[in-house]
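**Q** Position one of the first sequence corresponds to residue 1 (this note's numbering), numbered consecutively onward. By construction, the Cβ of each residue, glycine as well, lies at the ideal position given by its N, Cα and C atoms. Note that the structure is predicted; figures quoted are calculated from it, not measured. Handing you a structure now.
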Amino acid sequence: MIADCDYLLQALKAADIRSLQRPDLVHHHLLKLQKRFDVSRRRVQNRKRSVPAFGLPPELPITAKRQLIIDTIRKDQVVVITGETGSGKTTQIPKMCLAAGLGLRGIIGLTQPRRIAAVSIASRIASELGQLCGESVAYKIRFEEKTSAEPLIKVMTDGMLLAETVQDRDLLAYDTIIVDEAHERSLNIDFILGYLRTLLLKRNDLKLIITSATIDTAKFSQAFDNAPVIEVSGRMYPVEVRYRPIDPVREEKGETTYVDEAVACVEQLQQERRFEDILIFLPTEQDIRETCERLAKRCSGLVLPLFARLSAGNQRLVFSPASQQKIIVATNIAETSLTIPGIKYVIDAGLARILEYNPRSQTTGLPIKSVSRSSAEQRKGRCGRVQDGICIRLYSREEFADRPLYTTPEILRSNLAGVILRMLALNLGLVSSFPFIDRPHPKNIRDGIEILRDLGALTRDESDAETEHYKLTEIVRTMSQFPLDPRVSRMIIEAKQEGCLNEIAVIAAALSIQDPRERPYDKIDQAAAAHAQFQHPESDFLTYLQIWNRYSDSLEKMQSQGKWRKFCRDHFLSYRRMTEWRDIYHQILEIISGKNSAQKHRKPAKIEIDQTISDKIHRCILSGYLSNIAQKKEKNFYTAAKSREVMLYPGSGLFNRGGPWIVASEISLTSRVFARNAANIKSEWLEELGRDHCRYTHWAAHWEKNRGQVVALEKVILFGLTIVEQRTVAYEQINPEEAKKIFVREALVMGEVGRKLPFLEHNLSLWEKTKTMEDKLRKRGIAVDEEAIAQLYEQRLPLISDIRSLQKLIKDKGSDDFLRFREEDFIAHDPDPRELQQFPDQIKIGNAALACHYRFEPGLAGDGVTVSVPLGLVSKAASENIERHLPSLLQEKVFYMLKSLPKNARQKLPPLVQIAKIFSERATIADNSLPLALSKFLFH
DNA sequence: CTCTCCCTT
């Protein structure tokens, strides 16, 4: 077997090295290898013997090419086989592989996009080999595996093969892989083909067969080194195509719609007395309902709707034989997933809802778009499988020709977070260099990485700023273990922390299935009433929990499956989806508990919902859907993160009563942008959970005397939403350097501390003294300025910005000496002491000493010197001429008095400056007032 | 101011 071969090669290499040290062990080791080799060889021989005899049905077109296919498979590593449905390729190719001698050293793996198909194909191949399913032919899908010890062929979903690559990196279990329905280009198919492109270089012995509907071959061939393409004819009966375009002018005016036209088409067929079964393709559920209602009124026959959300029972009706003409009105489900036998006419509106992901707004859209030519051809092929058919297209031949040949591969229109996460877990390198057949757009990759970063699965690698290099966080590996959307996996990780794993497992599973609630048109009110009893007014997630609770309750009481089906029917719940929900729930718990199978059959316990658990649950949900938060604008309208305007989905329990903040697990664009699966949240949680994504802005930093610290106003923004409008915060942690600057300038320099600090009083009085000199001398620049003092403090203080830290510092140092400045610290330029002497601090009037207040503020009251004279001394002060005590001011005053003399008097005098100087220097004014003394002097 | 195609680990 291939896996043994790989093992033996590795072991021999290892033995080679070991033989240098312990030759005695080598012999023993080689014996063991010999044994394994023998076992392996015997297995291959047994497998060869177990290949049953089989034939190929001669009526199938592919049988004619049997020899060409077998020869090509033997010769080439990769073969592309194309053929339309009915060619028999899916069942016959695995058999031809056996005929080519494959399937012996490893299994022939056949992948299918859908589970049901995988199971039914497995049993068909088995029966053609004359066996039961699970002998030579195994199958493996999620939750279900049927196999023997030595299967030759294994049919599985493509997702399953992908999951196997985790355990079996080189797919050593297989010697052949057949990728069926490759033209569907689902995410899984593209991922597998990319993976195989690299693997085939390493595994020369591995054969790959890609099968696809006719048109899509060149791309596959090119992707695999121009692999040979074999075409197999498929069409058994001809289909006539009629174009019946809708008049665009009338459609524009609203006079007709594709629903009208489809109904008219059926009427016309019936007028032509054509009463074989009809299949109509329409894009939406609503169109289907409208069409069905109108057809029932106007036409004969059995009118049946068909879409995925329809209950299983109603879906089955399309397969049951009817005595009258069947008119099936279907969505895309009838294009690939369900094949209805005996259709003679196809009416194709040429439209479908096609998923589109917009990475810029992280919004999923489901717009109605024209389908591709290959899709239209597939629809056409739904008739004429057992007889010739007619396909009526509600568009023109030209319009058909203008359409794109293929539907855009899913990988080009999907959210890539999940793909990227898996690639990281598998160590597949950079997404941008992975050999996808169609490389996703860089913008899409960046968005996927951004989502993973939002979830905390990745952090930017700072050592490599240039390219898209990221570091994985610890949670990546845990997250990738869950077969779930990364956001859902993230919730589970948070639930471990919060201690609500069971509850989140229920919700995570619910988010992974389609809504289990059924709403049949004819019983819409009953269904609404049944669902209403589950509805939680605060959270659609808790609504799921309440459904679950009722379910587990009933599971206790009801033992039989039949009763349980009835329970589902009574509550308008889909039995199939409820089962899927339970299975995924168990799968999640299994992964968490490390595959403990004992837990598997544990009955789900009822969950009590109280405020505590509800808070925990919603914090977990937020951890996964943080970028889906929204803030209420009005009524049902919200502004969501990343600037999206959304409306609560009318089906939500929060509709018309949503709180100021919500989180939604889905924001999608249909007729509007809707937030689906929503819950009220507390905005206080947002900052804690979104810490790394919050943007903080600060302004108005200032010293706050009462708090004794520097504070600032803060605003918190998360994904563009303001989660905290304005709050006061200590500025110290935010910007310690800036905070210290403000503390020094506003608190210490200005002395605004609001309490007694001895060093501060000391410093302030020294500074005051220095500033008095300036006032006396009537010039600036003697005292240092505020900035200089601030710098003095800054030099002597560490990074602190509050009183408590300052007081602690002083206490630790034992004194505040280090903050006491000296007198000279405040002086920028020393004043002339003699000059300074001319400005006494006080003057004497009689026996009284009066204080002089100096002020240097020209133009303002109080400029110059002010002496407050008690009322009793006023006349004495006036007669004594107090100006003589202030010699520096006297001269200036005299000068201006002289200048104010009449012009003719002034002209007779010597220069005024000279007079003022001489007058001031003489003590001639002792006993007189100044004007009197001056006039005496002049006459003298 | 009221509703979404189809798959899958």
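Where does residue 665 sit, in a helix, a strand or coil, going by DSSP?
**A** In the first sequence, the residue the question calls residue 665 occupies position 665. Correct three-state label for residue 665: strand.
**Q** Buried or exposed: residue 618, going by 16 or more other Cβ atoms within 10 Å of its Cβ?
**A** To locate residue 618, count along the first sequence from 1; it is residue 618. With 16 or more other Cβ atoms within 10 Å, it is buried.
**Q** Using only CA atoms, which one of 3, 796, 681, 664 lies nearest to residue 362?
**A** As a first step, residue 362 is located in the first sequence; it is residue number 362 there, counting from the start. Of the listed residues, the one whose Cα sits closest to residue 362 is 664.
**Q** Mapping DSSP to helix, strand and coil, what is residue 856?
**A** Mapped onto the first sequence, residue 856 falls at position 856. Looking at residue 856 - three-state DSSP - the assignment turns out to be coil, as it is neither helix nor strand.
**Q** Does DSSP classify residue 586 as helix, strand or coil?
**A** Along the first sequence, one-based indexing puts residue 586 at 586. Helix at residue 586.
**Q** Just grab the DSSP bridge partners of residue 840 for me.
**A** Within the first sequence, the letter at position 840 stands for residue 840. The partner list for residue 840 (beta bridge, DSSP) is empty, contrary to what the question assumes.
**Q** Assign residue 885 to buried or exposed, taking buried as 16 or more other Cβ atoms, counted over all protein chains shown, within 10 Å of its Cβ.
**A** Residue numbering aside, residue 885 sits at position 885 when the first sequence is read from its first letter. Classification of residue 885: buried, given that the 10 Å Cβ count is 16 or more.
**Q** Can you tell me the Cα-Cα spacing of residue 509 and residue 588, whole angstroms?
**A** By one-based count along the first sequence, residue 509 stands at place 509. By one-based count along the first sequence, residue 588 stands at place 588. In a straight line, the C-alpha of residue 509 is about 8 Å away from that of residue 588.
**Q** Look at residue 626 and residue 447 and say whether their C-beta atoms are less than 8 Å apart.
**A** Residue numbering aside, residue 626 sits at position 626 when the first sequence is read from its first letter. Residue numbering aside, residue 447 sits at position 447 when the first sequence is read from its first letter. For residue 626 and residue 447, no; Cβs fall outside 8 Å.
**Q** Given a threshold of 16 other Cβ atoms within 10 Å of its Cβ, counted over all protein chains shown, does residue 524 qualify as buried or as exposed?
**A** The residue given as residue 524 occupies position 524 in the first sequence. Per the 10 Å Cβ criterion, exposed.
**Q** Could you check where the beta strand (DSSP E) with residue 230 kicks off and where it finishes?
**A** Taking the first residue of the first sequence as 1, we reach residue 230 at position 230. Note, residue 230: beta strand (DSSP E), 229-232.
**Q** In whole angstroms, what is the alpha-carbon distance linking residue 921 and residue 795?
**A** Numbered from 1 along the first sequence, position 921 holds the residue referred to as residue 921. Numbered from 1 along the first sequence, position 795 holds the residue referred to as residue 795. Answer to the nearest angstrom: the Cα atoms are 48 Å apart.
**Q** Among 784, 252, 100, 893, which has the Cα closest to the Cα of residue 822?
**A** The residue you call residue 822 lines up with position 822 of the first sequence. Per the Cα distances, 784.
**Q** Using the rule of at least 16 other Cβ atoms within 10 Å of the residue's Cβ for burial, across every protein chain shown, is residue 940 buried or exposed?
**A** Translated into the one-based positions of the first sequence, residue 940 becomes position 940. Counting Cβ neighbours within 10 Å, residue 940 comes out exposed, since fewer than 16 surround it.
**Q** Given a cut-off of 8 Å on the beta-carbon distance, is the pair residue 782 and residue 770 in contact?
**A** Looking up residue 782 in the first sequence gives position 782. Looking up residue 770 in the first sequence gives position 770. Yes, Cβ-Cβ distance for residue 782 and residue 770 is below 8 Å.
**Q** Would you call the segment 155-174 and the segment 140-147 in contact, with 3 or more CB pairs under 8 Å?
**A** Counting Cβ pairs under 8 Å, three or more are found: they touch.
**Q** Roughly how many angstroms separate the alpha carbons of residue 958 and residue 703, rounded to a whole number?
**A** Lying before the first or after the last residue shown, residue 958 is absent from the chain, which here runs from 1 to 940.
**Q** Tell me which residue opens and which closes the alpha helix (DSSP H) that residue 773 is part of.
**A** In the first sequence, residue 773 corresponds to position 773, counting from 1. Element bounds for residue 773: 758-777.
**Q** Does the beta-carbon distance from residue 873 to residue 895 come in below 8 Å?
**A** Position 873 of the first sequence, counted from the first residue, corresponds to residue 873. Position 895 of the first sequence, counted from the first residue, corresponds to residue 895. Going by C-beta atoms, residue 873 is not nearer than 8 Å to residue 895.
**Q** With DSSP run on the structure shown, which of helix, strand or coil describes residue 649?
**A** Here the question's residue 649 lines up with position 649 in the first sequence. Coil at residue 649, not helix or strand.
**Q** Please list, in chain order, all residues of the same chain as residue 511 whose beta carbon is under 6 Å from its beta carbon, the five residues on each side excluded.
**A** Here residue 511 refers to the residue found at position 511 of the first sequence. Same-chain partners within the cutoff: 488, 665.
**Q** Can you give the Cα-Cα distance for residue 731 and residue 716, rounded to whole angstroms?
**A** Counting from one through the first sequence, the residue named residue 731 turns up at place 731. Counting from one through the first sequence, the residue named residue 716 turns up at place 716. Straight-line Cα distance between these residues: approximately 15 Å.
**Q** Judging by CA-CA distance, which residue of 210, 748, 174 is the nearest neighbour of residue 81?
**A** Along the first sequence, one-based indexing puts residue 81 at 81. Nearest of 210, 748, 174 to residue 81, Cα basis: 210.
**Q** Determine the direct distance from the alpha carbon of residue 555 to that of residue 527, and round the result to whole angstroms.
**A** Position 527 of the first sequence, counted from the start, is the residue given in the question as residue 527. Position 555 of the first sequence, counted from the start, is the residue given in the question as residue 555. Distance between the alpha carbons of residue 527 and residue 555 is about 21 Å.
**Q** Is the Cβ-Cβ distance between residue 284 and residue 392 less than 8 Å?
**A** Position 284 of the first sequence, counted from the first residue, corresponds to residue 284. Position 392 of the first sequence, counted from the first residue, corresponds to residue 392. No, these two residues do not count as a Cβ contact at 8 Å.
**Q** In three-state terms, what does DSSP make of residue 277?
**A** For the purposes of this step, residue 277 is taken as the residue at position 277 of the first sequence. Residue 277: strand per DSSP, three-state reduction.
**Q** Is the CB-CB distance between residue 541 and residue 680 below 8 Å?
**A** Reading the first sequence from its first residue, position 541 is the one you call residue 541. Reading the first sequence from its first residue, position 680 is the one you call residue 680. Not closer than 8 Å, so no.
**Q** Throw me the rounded Cβ distance for the residue 123 and residue 50 pair, which I believe falls under 8 Å.
**A** As a first step, residue 123 must be located in the first sequence, where it is residue number 123. As a first step, residue 50 must be located in the first sequence, where it is residue number 50. Not really, about 18 Å apart at Cβ, beyond 8 Å.
**Q** Over what stretch of residues does the beta strand (DSSP E) that includes residue 864 continue unbroken?
**A** The residue you call residue 864 lines up with position 864 of the first sequence. Counting along the chain, the beta strand (DSSP E) containing residue 864 begins and ends at 864-867.
**Q** On the criterion of 16 or more Cβ atoms from any shown chain inside 10 Å, does residue 466 qualify as buried, or is it exposed?
**A** As a first step, residue 466 is located in the first sequence; it is residue number 466 there, counting from the start. Unreliable placement is indicated for residue 466, whose pLDDT of 49 sits below 50; the coordinate value is still reported in the next sentence. So residue 466 counts as exposed.
**Q** Apart from the five residues just before and just after residue 197, which ones in its own chain have a Cβ nearer than 6 Å to its Cβ?
**A** On the first sequence, residue 197 is found 197 positions in, with the first residue counted as 1. Answer for residue 197: 435, listed in chain order.
**Q** Which of the three DSSP states is assigned to residue 415 in this structure?
**A** Counting from one through the first sequence, the residue named residue 415 turns up at place 415. In this structure, residue 415 counts as coil in the three-state DSSP scheme.
**Q** To which residues of the same chain is residue 231 closer than 6 Å at the C-beta, ignoring the five residues directly before and after it?
**A** As a working mapping, residue 231 is identified with position 231 in the first sequence. Cβ neighbours of residue 231 beyond the five flanking positions: 82.
**Q** To which residues of the same chain is residue 578 closer than 7 Å at the C-beta, ignoring the five residues directly before and after it?
**A** Here the question's residue 578 lines up with position 578 in the first sequence. Within the same chain, residue 578 has close Cβ partners 516, 551, 568.
**Q** In terms of residue numbering, what span does the alpha helix (DSSP H) encompassing residue 94 cover?
**A** On the first sequence, position 94 is the one that residue 94 refers to. Residues 89-99.
**Q** Whole-angstrom Cβ separation of residue 88 and residue 107, contact assumed at under 8 Å?
**A** Along the first sequence, one-based indexing puts residue 88 at 88. Along the first sequence, one-based indexing puts residue 107 at 107. Not a contact, Cβ separation roughly 22 Å.
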